[in-house]
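There are 2 protein chains.
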Amino acid sequence: MTQIEKVKKGIISEEIKQVALAEDVEIVALCKLVAESKVVIPYNSKRKKKIKNLCGIGKNLRTKVNANIGTSSDCIRINNEIKKIEIATRYGADAIMDLSTGGDLDEIRKRIIDNCTLPLGTVPIYQAMVEEFKESGDVQNLDIKRILKVIRKQADDGVDFMTIHAGVTKETIRSLEIQKRILDVVSRGGAFLLSWIRYHQKENPFYQDFDEILDIAEEYDITLSLGDGLRPGCLYDATDQAQIKELIVLGELAQRALERNISVMIEGPGHMPMNQIKANVILEKELCREVPFYCLGPLVTDIAPGYDHITAAIGGAIAASSGADFLCYVTPSEHLSIPDIEDVKEGVIALKIAAHAADISKNIGKALDKDIAMSKARKELNWETQINLAIDPQKARKYRDKLSVKDEKTCSMCGEFCAINMVKESVKVR
Amino acid sequence: MTQIEKVKKGIISEEIKQVALAEDVEIVALCKLVAESKVVIPYNSKRKKKIKNLCGIGKNLRTKVNANIGTSSDCIRINNEIKKIEIATRYGADAIMDLSTGGDLDEIRKRIIDNCTLPLGTVPIYQAMVEEFKESGDVQNLDIKRILKVIRKQADDGVDFMTIHAGVTKETIRSLEIQKRILDVVSRGGAFLLSWIRYHQKENPFYQDFDEILDIAEEYDITLSLGDGLRPGCLYDATDQAQIKELIVLGELAQRALERNISVMIEGPGHMPMNQIKANVILEKELCREVPFYCLGPLVTDIAPGYDHITAAIGGAIAASSGADFLCYVTPSEHLSIPDIEDVKEGVIALKIAAHAADISKNIGKALDKDIAMSKARKELNWETQINLAIDPQKARKYRDKLSVKDEKTCSMCGEFCAINMVKESVKVR
């Protein structure tokens, strides 16, 4: 039975209990949200290694952050990827996606599952492409058999959620051609399927044989993350007919998954001007039965490579405060190179800030409590508590210790003109 | 004659011409905005050293970014402050504020003016406090005479805009006491004036003798930046009656300045949940005759010391897209120590990203042009152009060069599965 089936039948699983406890929500309310498909709990039912920190994603819950890791053919260092998982987890990532395309992908995935305490996602098209290329020398030979084989293999290993690129269809490509984008397609899966469809003049196998994918998803209770292969790759291309038509297709496919009680999320852009973000979130919710919205950023300008964790934090905060549920991090190395460990840390922290700010804005649970505790510590000029409450205590301490201060109570910014001290003194004379 | 007087009389100054050219707006339209006080051009009319890059701030213009620099008693290194100005200017700051409180303040300010090609702002209360403390040993002895003397001295040196803390009054303090904030007052000027008012049981001299301040401002055509001494210091304290009552006082004072054709801006928070930012911008515009709004951040969470350039970029982007005109940067060292050169760079870039994203969102001028150029370079896999167009070309190049790639056209993230290449190939088979 899938999680949705269970809640519909009134069965309260361990996963529901754990998530309700972690989020401080009523079990009954959470069951209702899962039954209505407004919340998903990515968790492979045949997982051997259990997840330490289950993660509920969706309405009324804390906004979650995903960290992408993985090898590429230019950089295959599995121990490095394990370290990325560790640092992402330490700084509060809620899920990990393995996007490896270089090296022994089966072996890498097994190592990752062994070393990951968070829900794990994958993008099966990557492995399917890599294997096809290795075996037949032509990635265009890829067919649904191999795709299903890869999906099943990854499900067997214990993967909890998978990006499925079923929205790039003959029809959505037609819109793309009409639209005349600057950057066409920037999703690797999306670009491949575009080329496959053009080469074979056939329909996208993920779309064509979606029911067979659903069969596997049902068997393992995989959460399907319907990928936006046609997401805009720059601000100029955002919110065009190709993107929105694909969203409509994803909404139809989500409905088909839900009819079989399979959990589903929708992936979203991408690159987008600030003023279009809210409209995109509303569209996703309306067109896709309010299933959780999983955003990549969005990045609110194209001109800041090296700082795209910040452009994504701005966009992600606005998206989440508008109703997006799950933010995929972007690291400073985006558009330039594969992220290293420090980039992973920077990316997780930037998007955690965005998610937290949005949760305060949406009044989710006790989001403001930590901010209140920090503010009280500031009032008391209690530096140790401030540092311990900080999102990155090590960095906060480094800054605090950078310059010696004459008065231990104050900081090197204000010195003897500390506003807090002045107010305290003034109370005495009143 | 002040700039406002000139435009009202139909005189088109060099400053108007320069700003119109830089912003690509019609001179007539700009004159109207200056006459209506919706745009200010901070520029001391008796300046000896001319500003290289004049800066128009306000409606329909590009959002501007200010970088604070300055010594404190714990850190007096004037050459370091000069380097901060250089780096802030290089990365696109539009104005500099000297907040020095340590060392020979007159000498420091002169050095700064000599080395700054941007409009310069100051906070006269700082020097007044420091001098009073040095001379009489008790900062509470400060009176309006010294305040006016400092303002005149700074004006004589060529300072273009000044923060005037006239909103902390007996009446606004009463609201503060009713409200029971966590962090009371975090503005140094505000905290001092609170303590001064309580100590003397007299009205704030900046408020009491505002006309005398206007006399000097008129003489030098100083742009007054009406400081929000009661700005919230944490999210919990935001948008309370003390803050809004002070804003009403600032609106009244702005009107008095405008009646004498003196340019004026209003300073704004501070710390604020995302969902309150737009309301605060609307309030400022409505209560203060639409004079430019100068925001410090706002910071959208309290828990990220070490990353407050990011929390401020999120808040600043939302504020600017809602109509704020001028963003004061926040550096990663905020709340922890006085910023060093690297912090200044990080702060300027983060807030420039916010300002630029907001300008795209508001459709200001040709904001999107650079993004379009970057997107075209990405489509062409033209790495040199991408790097040159980046907000920080050095950092972009460092990332690009971090890992060697097999194919010079691609990056180490996607390698042979480059989406852009796949789409290009697919066009050939169509």
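Read top to bottom, the protein sequences are chains A and B.
If you read the first sequence in my numbering, its first letter stands for residue 287, the second for the next number, and so on.
If you read the second sequence in my numbering, its first letter stands for residue 287, the second for the next number, and so on.
For every residue, glycine included, the Cβ atom is placed at its ideal position computed from N, Cα and C.
Practice item. Look at the Cβ atom of Leu385(A), then the Cβ atom of Asn354(A), and state whether they are nearer than 8 Å. Key: As a first step, residue 385(A) must be located in the first sequence, where it is residue number 99. As a first step, residue 354(A) must be located in the first sequence, where it is residue number 68. Cβ distance < 8 Å, so Leu385(A) and Asn354(A) count as in contact.
Exercise for review: Could you confirm whether any beta carbon from chain A is found closer than 8 Å to the beta carbon of Phe478(B)?
Suggested key: Residue 478(B) sits at position 192 when you count from the first residue of the second sequence. Closer than 8 Å: yes.
Exercise for review: In angstroms with no decimal places, state the Cα-to-Cα distance between Leu536(A) and Asn330(A).
Suggested key: Position 250 of the first sequence, counted from the first residue, corresponds to residue 536(A). Position 44 of the first sequence, counted from the first residue, corresponds to residue 330(A). Taking the straight line from one Cα to the other gives about 22 Å.
**Study point:** For Glu504(B) and Pro328(B), the rounded distance between their alpha carbons
**Key:** Here the question's residue 328(B) lines up with position 42 in the second sequence. Here the question's residue 504(B) lines up with position 218 in the second sequence. Straight-line Cα distance between these residues: approximately 12 Å.
**Study point:** For Phe703(A), the first and last residue of its enclosing alpha helix (DSSP H)
**Key:** As a position in the first sequence, residue 703(A) is number 417, starting the count at 1. First-last for Phe703(A): undefined, no H or E at that position.
Practice item. Check whether the Cβ of Arg575(A) lies closer than 8 Å to any Cβ atom in chain B. Key: Taking the first residue of the first sequence as 1, we reach residue 575(A) at position 289. No, no contact with chain B.
Check your understanding: From Lys439(B) to Leu613(A), what does the alpha carbon distance come to, in whole angstroms?
Key -> The residue given as residue 439(B) occupies position 153 in the second sequence. The residue given as residue 613(A) occupies position 327 in the first sequence. Distance between the alpha carbons of Lys439(B) and Leu613(A) is about 52 Å.
Review point. Assuming Ile433(B) contacts Pro518(B) under a Cβ cut-off of 8 Å, what Cβ separation, rounded to an integer in Å, is found between them?
Key: Residue numbering aside, residue 433(B) sits at position 147 when the second sequence is read from its first letter. Residue numbering aside, residue 518(B) sits at position 232 when the second sequence is read from its first letter. Incorrect: roughly 25 Å between the Cβ atoms, too far for contact.
Check your understanding: Between Ser647(A) and the rest of its own chain, which residues show a CB-CB distance below 6 Å, the 5 nearest in sequence each way excluded?
Key -> Your numbering for residue 647(A) matches position 361 in the first sequence. Once the five neighbours on either side are set aside, the close Cβ partners of Ser647(A) are Ser607.
Review point. Where does Ile327(B) fall in DSSP's three states?
Key: By one-based count along the second sequence, residue 327(B) stands at place 41. Coil.
Point to revise | Whole-angstrom distance between Ala644(A) and Thr288(A), CA atom to CA atom | key: Along the first sequence, read from residue 1 onward, the residue named residue 288(A) stands at position 2. Along the first sequence, read from residue 1 onward, the residue named residue 644(A) stands at position 358. Cα-Cα distance, rounded: 30 Å.
Check your understanding: Mind checking if Ile596(B) is an interface residue toward chain A, Cβ cutoff 8 Å exclusive?
Key -> Indexing the second sequence from 1 puts residue 596(B) at position 310. Interface residue, yes.
Check your understanding: Quick one: does Asp244(A) have its CB under 8 Å from some CB of chain B?
Key -> Examination of residue 244(A) is not possible in this model, given that chain A is present from 287 through 716 alone.
Exercise for review: Could you pull out every unbroken alpha helix (DSSP H) segment of at least 4 residues lying fully inside the region 636-691 of chain B, listed in chain order?
Suggested key: 654-665, 669-675 and 679-688
Practice item. For Ile677(B), count neighbouring Cβ atoms within 10 angstroms of its own Cβ and tell me buried if that reaches 16, exposed if not. Key: On the second sequence, residue 677(B) is found 391 positions in, with the first residue counted as 1. Burial call: buried.
Practice item. Starting from Gly388(B), find everything on chain A with Cβ-Cβ shorter than 9 Å and list it in chain order. Key: As a working mapping, residue 388(B) is identified with position 102 in the second sequence. Chain A residues near Gly388(B): Gly701.
**Study point:** Integer-rounded CB distance, given that Lys350(A) should sit under 8 Å from Cys341(A)
**Key:** Taking the first sequence and counting its residues from 1, one reaches residue 341(A) at position 55. Taking the first sequence and counting its residues from 1, one reaches residue 350(A) at position 64. That belief holds up - the Cβ atoms of Cys341(A) and Lys350(A) are roughly 6 Å apart, short of 8 Å.
Review point. Taking all protein chains shown into account, do 16 or more other C-beta atoms lie within 10 angstroms of the C-beta of Ala540(B), making it buried, or fewer, making it exposed?
Key: What you label residue 540(B) is simply residue 254 of the second sequence in a count that begins at 1. With 16 or more Cβ atoms within 10 Å of its Cβ, Ala540(B) is classed as buried.
**Study point:** Backbone CA spacing between Leu721(B) and Lys294(A) [nearest angstrom]
**Key:** Nothing can be reported for residue 721(B), as the shown portion of chain B is limited to 287 through 716.
Exercise for review: Can you have a look at Val325(B) and say buried or exposed, based on whether 16 or more other CB atoms are within 10 angstroms of its CB?
Suggested key: Position 39 of the second sequence, counted from the start, is the residue given in the question as residue 325(B). Looking at its Cβ environment, which holds 16 or more other Cβ atoms inside 10 Å, Val325(B) is buried.
Point to revise | C-beta neighbour in chain A for Tyr377(B), strict 8 Å | key: If you number the second sequence from 1, residue 377(B) lands on position 91. No, its Cβ sits nowhere closer than 8 Å to a Cβ of chain A.
Review point. Closer than 7 Å, Cβ to any Cβ of chain D: which residues of the region 630-654 of chain A, in chain order?
Key: In the structure shown, chain D cannot be found, because the protein chains are A and B.
Review point. How many whole angstroms separate the CB atoms of Ser511(A) and Met448(A), which I take to be in contact at a CB cut-off of 8 Å?
Key: Position 225 of the first sequence, counting from 1, holds the residue named residue 511(A). Position 162 of the first sequence, counting from 1, holds the residue named residue 448(A). Contact flag correct, Cβ pair sits at about 6 Å.
Exercise for review: Along the alpha helix (DSSP H) that carries Ala610(B), what are the first and last residues, could you check?
Suggested key: One-based indexing of the second sequence puts residue 610(B) at position 324. No alpha helix (DSSP H) holds Ala610(B); DSSP gives it neither H nor E.
**Study point:** DSSP three-state assignment for Asp380(A), whether helix, strand or coil
**Key:** Here residue 380(A) refers to the residue found at position 94 of the first sequence. Correct three-state label for Asp380(A): coil.
Practice item. Name, going along the chain, the residues of the region 333-365 of chain B whose beta-carbon falls closer than 7 Å to a beta-carbon of chain A. Key: Ser358, Ser359, Asp360 and Cys361
**Study point:** For Asn354(A), the residue or residues it bridges with in DSSP
**Key:** Against the first sequence, residue 354(A) aligns to sequence position 68. According to DSSP, Asn354(A) bridges with Met383(A).
Practice item. Please decide whether Ile589(A) counts as near chain B, where near means a Cβ-Cβ distance under 8 Å. Key: On the first sequence, residue 589(A) is found 303 positions in, with the first residue counted as 1. It does; some Cβ of chain B falls within 8 Å.
Point to revise | Backbone CA spacing between Lys336(A) and Asp594(B) [nearest angstrom] | key: Walking along the first sequence from the start, residue 336(A) turns up at place 50. Walking along the second sequence from the start, residue 594(B) turns up at place 308. Rounded to the nearest angstrom, the two C-alpha atoms are 36 Å apart.
Review point. For the alpha helix (DSSP H) that contains Cys317(A), what are its first and last residues?
Key: By 1-based counting over the first sequence, the position of residue 317(A) is 31. Run containing Cys317(A): Ile313 to Ala321, per the alpha helix (DSSP H) assignment.
Practice item. Starting from the C-beta of Val586(B), find all residues in its chain whose C-beta is less than 6 Å away, skip the five residues before and the five after it, and write them out in chain order. Key: Residue mapping note: residue 586(B) aligns to position 300 of the second sequence, counting from 1. Result list for Val586(B): Met560, Thr597, Ile600 and Gly601, in chain order.
Review point. Residues of chain B with a CB under 7 Å from the CB of Cys697(A): which are they?
Key: Taking the first residue of the first sequence as 1, we reach residue 697(A) at position 411. Neighbours of Cys697(A) on chain B, chain order: Leu622 and Ser623.
Check your understanding: CA-CA distance, Asp588(B) and Met383(B)?
Key -> Locating residue 588(B) in the second sequence gives position 302, where the first residue counts as 1. Locating residue 383(B) in the second sequence gives position 97, where the first residue counts as 1. Going from the Cα of Asp588(B) to the Cα of Met383(B) covers about 24 Å.
Exercise for review: Name the two residues that bound the continuous beta strand (DSSP E) containing Leu582(B).
Suggested key: Along the second sequence, read from residue 1 onward, the residue named residue 582(B) stands at position 296. Phe579 to Leu582 is the extent of the beta strand (DSSP E) around Leu582(B).
Review point. Would a check of beta-carbon distances place Ser661(A) closer than 8 Å to chain B?
Key: Taking the first sequence and counting its residues from 1, one reaches residue 661(A) at position 375. With 8 Å as the cut-off, Ser661(A) counts as an interface residue toward chain B.
Check your understanding: Does Met415(A) get closer than 8 Å to chain B when you measure Cβ to Cβ?
Key -> Counted from its first residue, the first sequence places residue 415(A) at position 129. Yes, contact with chain B.
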